[in-house]
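To keep things clear, I will list the structure first and then write my remarks on it.
Numbering (the working numbering), first residue to last: 3 to 287.
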């Protein structure tokens, strides 16, 4: 397999609200870029220089931010009454991204998922997403659609419809290997299908079917996670990296695990070591 030409970042979600701990431990683990919580970035909305200084103190750069409807759990792209609120929120995030010298904003859909999206709902969602994307492009930031389990945009037919309905010159794609796999999709195939629009990647694993607590030697407690450390789940990452290489992708690939089975530091150490030793992709700069 050819060497991966892209860049590696880490997602701060594993640390929860311990934002400064995330920066400190990510840096100690050798990561050189991070995707922090949007709520953390917004704390510095009026003082971006301080935010940039904080990142620099930890030898980290901003890879991007996760936006969409995350600012309000009652929001959905398909709700026309929330459109302006959603657009304004994402423009705020995009401005932070731009001022930090980064270029990507992920658009996460809203939940909970009560039923599959109708064509009319998808049309409304596509209109809102396109409006966001056009506004963020004015700031030099690519808006990247991020399908997610248990939300209004989960299944393959919904993804295909949205990608078709949205402006292809404005709306990009951020495949999340775990979210796509969990919804029954093939991440490698989708990467090739949308090769001209893949602009950001979340590398994430899904726990194997039938997994038990004993499969996770560092697990604290007895609850088997839905998502797990890279290499401990069921995803074969080689075809995914091969697909990214085939489309000449050289952007960010952010390593992510929602909830640690031990400690955030240990989980992201496992992920780092898997990427370096098994996928042969350097993480430490």
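A virtual CB, placed ideally from N, CA and C, is assigned to each residue, including glycine.
- [ ] Would you tell me roughly how many angstroms separate the C-alpha atoms of residue 257 and residue 274, rounded to the nearest one?
- [x] 8 Å
Task: Span separating the alpha-carbon of residue 186 from that of residue 133 - done: 29 Å
Task: Distance between residue 199 and residue 234 (C-alpha atoms, nearest Å) - done: 29 Å
Task: Buried or exposed by the 16-neighbour rule on C-beta atoms within 10 Å, applied to residue 250 - done: exposed
Task: Any 3 or more C-beta pairs closer than 8 Å across the stretch 174 to 190 and the stretch 234 to 245 - done: yes
Open item on the list: What ranges does the beta strand (DSSP E) occupy inside the stretch 234 to 273, keeping only unbroken runs of at least 3 residues that lie completely in it?
Closed with: 254 to 257
TODO: Return the Cβ separation of residue 154 and residue 78 in integer angstroms, given the expectation that the two are a contact with Cβ distance under 8 Å.
DONE: 5 Å
- [ ] Please state if the CB of residue 170 and the CB of residue 143 are separated by a distance shorter than 8 Å.
- [x] no
Task: Short Cβ contact (8 Å threshold) for residue 53 with residue 102 - done: yes
Task: Pairwise C-alpha distance: residue 5 and residue 252 - done: 11 Å
- [ ] Check whether the Cβ atoms of residue 110 and residue 68 sit closer than 8 Å, and answer yes or no.
- [x] yes
- [ ] Locate the alpha helix (DSSP H) running through residue 25, then write down its first and last residues.
- [x] 21 to 30
Open item on the list: Can you look up residue 169 in the DSSP assignment and give me helix, strand or coil?
Closed with: coil
- [ ] Name the two residues that bound the continuous alpha helix (DSSP H) containing residue 70.
- [x] Premise fails: residue 70 lies in the beta strand (DSSP E), 67 to 70, not in any alpha helix (DSSP H).
- [ ] Counting only the same chain and skipping the five closest in sequence on each side, list residues whose C-beta sits under 7 Å from that of residue 72.
- [x] 40 and 110
- [ ] Kindly indicate which residue of 168, 124, 165 and 172 has the alpha-carbon position closest to the one of residue 141.
- [x] 172
TODO: Kindly indicate the opening and closing residues of the beta strand (DSSP E) around residue 10.
DONE: 9 to 13
Task: 6 Å CB neighbourhood of residue 13 in its chain, flanking five on each side removed - done: 37, 256 and 258
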